[in-house]
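For the sequence shown, the positions run 2 to 218 when full-length UniProt numbering is used.
Backbone N, C-alpha and C fix where the C-beta goes; we use that ideal spot for every residue, glycine too.
Note that this is a predicted model, so its numbers are computed, not measured.
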Amino acid sequence: SIRAFIFDLDGVLTDTAEYHYQAWAALAKQLGIAFNRQDNEQLKGVDRMGSLQFILDKGGLQLSDNQKHAFANQKNHHYQQLIEHMSEADLFAGVHDLFAQLKQADIAIGLASASKNAAMVINRLGINQAFDYVADAAKIKQGKPHPEIFLTVAQTLGVKPAQCVGVEDSLAGLQSIIDAGMQSVGIGDAKVLQQAQWVYPHIKDLSLPRVLEQANK
Ligand code: G6P
Ligand code: MG
């Protein structure tokens, strides 16, 4: 039976995927590199340096490590400005209710965000106490799509991957859930997230009873 739900943060529990996109789009523009929302689907869930490299590769731009770190820092400062005003009101509808249902069912709640800003964001959203375990992105060696982050959360929670449901809005994250051997919920466009077992347009549409009923036992 399902013993844990492991959530991505950006784009699943709040709209920060949009802010990451805006900050990367501004940097790409500054560098003269074409970058649109469709390109951004490949970027979602990918860590900071990996995301920068994707954009540089798209523009055929080669930079030194120093330059890369400077641009990555610039993007992060822009992103932090964009999230400065965030509060509990920015938590997506349905999250409190879903967390309450999970607690009621004695199912653990984990966070598997690749973002080094995740701790700040969940604090602002007022949900930091809701998690049984929050992965530290700084300690993850292989970013999504590698399964390390989801496996680390499961292991820390003391549950087998097959007893976990991972919840993701990104292609990279969905791949890590699948390669971790977990059951998968996609949040977003079913055409993009075809590989997920269940896809809901929005976290508020996720039906816990249905997922638990249909999950492989
Ligand atoms: C998440 C987001 C990505 C972001 C990554 C790193 O996975 O989906 O868009 O690039 O975190 O975030 P950070 O805040 O550490 O730059
Ligand atoms: Mg995400």
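Would residue i pass as a contact of residue j if the rule is Cβ separation under 8 Å?
{"i": "residue 111", "j": "residue 152", "result": "no"}
{"i": "residue 164", "j": "residue 3", "result": "yes"}
{"i": "residue 162", "j": "residue 182", "result": "yes"}
{"i": "residue 81", "j": "residue 118", "result": "yes"}
{"i": "residue 169", "j": "residue 13", "result": "yes"}
{"i": "residue 16", "j": "residue 91", "result": "yes"}
{"i": "residue 216", "j": "residue 184", "result": "yes"}
{"i": "residue 138", "j": "residue 171", "result": "no"}
{"i": "residue 274", "j": "residue 27", "result": "A question about residue 274 goes unanswered here, because the residues of the chain that appear run from 2 up to 218."}
{"i": "residue 135", "j": "residue 204", "result": "no"}
{"i": "residue 32", "j": "residue 51", "result": "no"}
{"i": "residue 6", "j": "residue 108", "result": "yes"}
{"i": "residue 64", "j": "residue 55", "result": "no"}
{"i": "residue 131", "j": "residue 100", "result": "yes"}
Which residue or residues does DSSP assign as beta-bridge partners of residue i?
{"i": "residue 186", "result": "168 and 199"}
{"i": "residue 11", "result": "15"}
{"i": "residue 109", "result": "5"}
{"i": "residue 209", "result": "For residue 209, which the question treats as bridged, DSSP gives no partner whatsoever."}
{"i": "residue 92", "result": "15"}
Does the Cβ of residue i have 16 or more other Cβ atoms within 10 Å, making it buried, or fewer, making it exposed?
{"i": "residue 211", "result": "exposed"}
{"i": "residue 113", "result": "buried"}
{"i": "residue 41", "result": "buried"}
{"i": "residue 21", "result": "buried"}
{"i": "residue 53", "result": "buried"}
{"i": "residue 174", "result": "buried"}
{"i": "residue 62", "result": "exposed"}
{"i": "residue 35", "result": "exposed"}
{"i": "residue 38", "result": "exposed"}
{"i": "residue 145", "result": "buried"}
{"i": "residue 66", "result": "exposed"}
{"i": "residue 11", "result": "buried"}
{"i": "residue 9", "result": "buried"}
{"i": "residue 29", "result": "buried"}
{"i": "residue 206", "result": "exposed"}
{"i": "residue 71", "result": "exposed"}
{"i": "residue 190", "result": "exposed"}
Where in the region 27-86 do unbroken runs of the alpha helix (DSSP H), each at least 4 residues long, occur, reported from the N-terminal end onward? Restricting attention to alpha helix (DSSP H) runs no shorter than 4 residues, the region 27-86 encloses them at 38-44, 49-60 and 66-83, ordered along the chain.
Jot down the residue ranges of each uninterrupted beta strand (DSSP E) in the region 132-174, minimum 3 residues, whole runs only, in chain order. Runs of the beta strand (DSSP E) inside the region 132-174: 165-169.
What residues come near the ligand MG, if near means a beta carbon less than 7 Å from any of its heavy atoms? Here the list is 9, 10, 11, 12, 13, 18, 45, 46, 169, 170, 171 and 174.
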